[in-house]
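Trainee:
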Amino acid sequence: MKPLFIQYPKCGTCRKAAQWLKNNHIDVTIRDIVSDNPTQQELSVWIEKSGKPIQKFFNTNGLRYKELNLKDKIKNTQQEELLRILASEGMLVKRPVLISGNTVLTGFNEEEWSKALLKPEKV
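Residue numbers (this note's numbering): 177 to 299.
In structure tokens:
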């Protein structure tokens with residue numbers, strides 16, 4: 177099964193990640209985070225697989241995050257409610273998101289993606 181690449185096409189970081197995937201010959205299934213935003217169930221599974229706290233899945237630089245004043249709300253909100261908020265609007269999710277088996281990556285960090293997705297070269 178191909179990795180799932182969830183992006184916002186107008187996002188510069190998503191475009192950089194897509195180019196990196198192309199350059200490294202990694203074939204992915206592409207999903208638009210706005211027209212097909214992740215569900216609560218998907219997010220719950222991905223957060224568990226990632227081993228990261230749910231806060232790492234929020235797009236803290238996004239306009240909607242700031243408009244909803246989530247920085248203060250996030251600290252005192254239960255995980256189920258945070259999942260509901262994340263699933264309510266794709267623009268709240270840190271992007272891109274890449275899911276490959278048990279690997280879940282949020283944001284684009286070339287070094288992190290290389291370690292997770294590329295086979296080490298044999299010397």
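Virtual Cβ for every residue (Gly too), placed ideally from N, Cα, C.
#1: Identify, in the order they occur along the chain, each residue of the same chain with its Cβ nearer than 7 Å to the Cβ of LEU197, setting aside the five sequence neighbours on each side.
#2: Just confirm the distance between the C-beta atoms of PHE233 and LYS192, as a whole number of angstroms; I'd bet it's less than 8 Å.
#3: Let's see if you can read the secondary structure: which residues bound the alpha helix (DSSP H) around ASP248?
#4: How many angstroms separate the CA atom of GLN216 from the CA atom of ASP208?
#5: In angstroms, rounded to a whole number, what distance separates the CA positions of TRP289 and ASN252?
#6: Quick check on ILE275: does DSSP put it in helix, strand or coil?
#7: Among LEU219, ASN237 and GLU256, which one has its Cα closest to the Cα of LYS247?
#8: Assuming contact is defined by CB atoms lying nearer than 7 Å, are ASN278 and LYS242 in contact in what I supplied?
#9: Within this structure, are the beta carbons of ILE230 and LEU258 separated by less than 7 Å?
#10: Need the endpoints of the alpha helix (DSSP H) that GLN183 sits in, please.
#11: Starting from LEU268, follow its DSSP beta bridges and name the residues at the other end.
Mentor: Let me spell this out:
#1: Taken in chain order, the residues that qualify are PHE181 and VAL204.
#2: That belief does not hold up - the Cβ atoms of PHE233 and LYS192 are roughly 19 Å apart, past 8 Å.
#3: Per DSSP, the continuous alpha helix (DSSP H) segment holding ASP248 begins and ends at 246-249.
#4: 16 Å
#5: 31 Å
#6: strand
#7: Residue nearest to LYS247 within the set LEU219, ASN237 and GLU256 is ASN237 (criterion: CA-CA distance).
#8: Result no, Cβ atoms of ASN278 and LYS242 do not sit closer than 7 Å.
#9: Annotated as proximal: ILE230 and LEU258, with beta-carbon spacing under 7 Å.
#10: Taken as a continuous stretch (DSSP letters only), GLN183 belongs to no alpha helix (DSSP H), being part of the beta strand (DSSP E) at 180-183.
#11: According to DSSP, LEU268 bridges with nothing at all.
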